[in-house]
Amino acid sequence: SSRKKKIEQLQAQIGQLQAQVELLGSKLIPALESPARIKAIIQSIKDSSKHDLRTITASDEDQTTTVSLAKATHSTDYLSHVQNVFKQWRDKGLVEQHESVLPECFRLQNIANAKPKPPKDIFARAGYYAFDMSTGISQNSWKSIIASANLGVQAAQLLLPSPTPDTTTDDDERPKSVLALCRPPGHHCTGTQAGGYCYINNIALSITTLRHFSPPAKKTRRPSNPHFASTSTLKFAVLDLDFHHGNGTQEMFYTDPNVLYVSIHGEDEFPYYTGGADETGPPAPDAASGTNLNLPLAAGATFEAYTGKLKEALQLIQNFKADYLLVSLGFDTFHLDPLGKFDIKSEDYEVMGRQVRTALKDLPAAILLEGGYVIDRLGENLLNFLRGWEGAE
Ligand code: OKP
Ligand code: ZN
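Encoded structure:
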């Protein structure tokens, strides 16, 4: 198959690459999630000259804000682990400069100790704060993670209404939707564990940002988190279109009645232990009951099968009456993707983009990039999605 050929091609590259490798089953391959993905997309967007492309370099102040918001989204000990573990391993000679920190043993379920503490040994801690071996931490990881997270913050901020509601001029200028070319992706990591190439949940961070900076009109009296007086009752719908189930996003909002998480993904695929259709939120009469919808699709699913699920997803989101839409957009649903098993073609992304935007036209939307690993087709697929989306706006 073409996917098998793709993997053979990838393996042929190993000779030239010493670092930045990962295991795909039993095969060592170059890291699929790489800066080349974003470079290729940017080049295609520039070539098309159809979009307002902005390069956002996080200032020191932006970085401080992003880290503060990240601390309201993830546990602080997890974040400082991700930030510092490479240097800590390096200082002990546990990792070379060009290598990555990878876990040896994962945190496991333990009947005697339901909530194990982080191990004292920095070597052991790698597996406490991760759930797979595809999420190494290297010299420059933190820089990329914060740059990616910062895009989640900036995308959210661009959607915010102007702080003074009387001056409508500013409001007219705010975009209806924003696409952030995040990498690394975010939807797999939880509040306390990295996994699936994800370290900070960029979607969750966008929601934290919108809650934190929204004008007080919709605020209630009760502060809900210790880091910010984020007391908003805004409602958010998350539509996850990546091939993989966004277990991290699901987990972070599973008991939150104001966030609806909807995902279409490969059935029984990575991350394997989540994503079932029976995961619908806490049982009734909990207010969050029914605010989670998983729509798994079997391997080989055609775009026709996909659009059937998409209609269901869009219907539920319409009924939820959210204030904002967040889209986890992955292009690993593409038929040639080495990590995907759907039969979706390039031209289908235009239809997909149009269907989503047509159904949810009124919602300010932040689209955040997740996966997609056929580098030389990413730009084309993304431009198609945007053409459909913008055609519906
Ligand atoms: C991230 B995203 C090879 C196996 C890959 C991780 C898949 C992560 C997908 N090491 N396992 O959802 O596109
Ligand atoms: Zn994916």
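For what it's worth, the working numbering labels the leading residue of the sequence shown as 17, then goes sequentially.
Even glycine gets a Cβ: it sits at the ideal position worked out from N, Cα and C.
Bear in mind that the values here come from a model prediction, so they are computed numbers and not experimental data.
Pairing F102 with I153 gives a Cβ-Cβ distance under 7 Å. Straight across, the Cα-Cα distance linking S65 with I23 is about 33 Å.
Judged by beta-carbon spacing, A375 lies beyond the 7 Å limit of T224, meaning their Cβ atoms are not closer than that value.
For A47, same chain residues with a beta-carbon under 7 Å away, outside a window of 5 residues either side, are Q36, V37, E38 in chain order.
A distance below 6 Å between beta-carbons, with the five flanking residues on each side excluded, links L174 to the following residues of its chain, in chain order: P191, V194. By the C-beta criterion, the region 308-323 is judged to be in contact with the region 345-359, since at least 3 inter-stretch pairs fall below 8 Å. Taking C-alpha positions only, F252 is separated from N274 by approximately 6 Å. Under the three-pair Cβ rule at 8 Å, the region 102-121 does not count as touching the region 74-89. Collapsing the DSSP output to three states places D68 in coil. A direct Cα-Cα distance of roughly 20 Å separates G168 from T151. For Y365, the enclosing alpha helix (DSSP H) starts and ends at 364-375. Residue burial annotation: E189 is exposed, with fewer than 16 other C-beta atoms found within 10 angstroms of its C-beta. For the options D302, H97, Q331, Y277, the alpha carbon positioned closest to that of L309 is the one of Y277. Each of E49, K159, D93, D378 was checked against the Cα of K136, and the nearest Cα belongs to D93. Under DSSP, S18 forms no beta bridge with any residue. Contact residues of the ligand ZN (beta-carbon closer than 5 Å to any heavy atom; chain order) are D258, F259, H260, G346, D348, G387. Of the heavy atoms belonging to the ligand OKP, at least one sits nearer than 6 Å to the Cβ of F286. Here L379 is buried. Its C-beta has 16 or more other C-beta atoms within 10 Å. As computed with DSSP, D359 is found in a beta bridge with T318. Here V278 is bridged, per DSSP, to L255, L309. At least one heavy atom of the ligand OKP sits closer than 6 Å to the Cβ of L39. Judged by DSSP in its simplified three-state form, V101 adopts helix. Residue state for V390 is assigned as coil, using DSSP reduced to three classes. In the three-state reduction of the DSSP assignment, V111 falls in the coil class, being assigned neither a helical nor a strand state.
Here the alpha carbons of F350 and I57 stand approximately 15 Å from one another.
In this structure, I54 lies near L197, with their beta-carbon atoms less than 7 Å apart. A straight line joining the alpha-carbon of T80 with that of K159 spans about 13 Å.
Boundaries of the alpha helix (DSSP H) harbouring E77: 76-87, taken from the DSSP string. Per DSSP, the unbroken alpha helix (DSSP H) holding Y144 starts and ends at 138-144. Within a 10 Å sphere around the beta-carbon of P132 sit fewer than 16 other beta-carbons, which makes this residue exposed.
Within a 10 Å sphere around the beta-carbon of S230 sit 16 or more other beta-carbons, which makes this residue buried. In this structure, C205 is the residue among C205, Q155, K337 with its C-alpha nearest to the C-alpha of F286.
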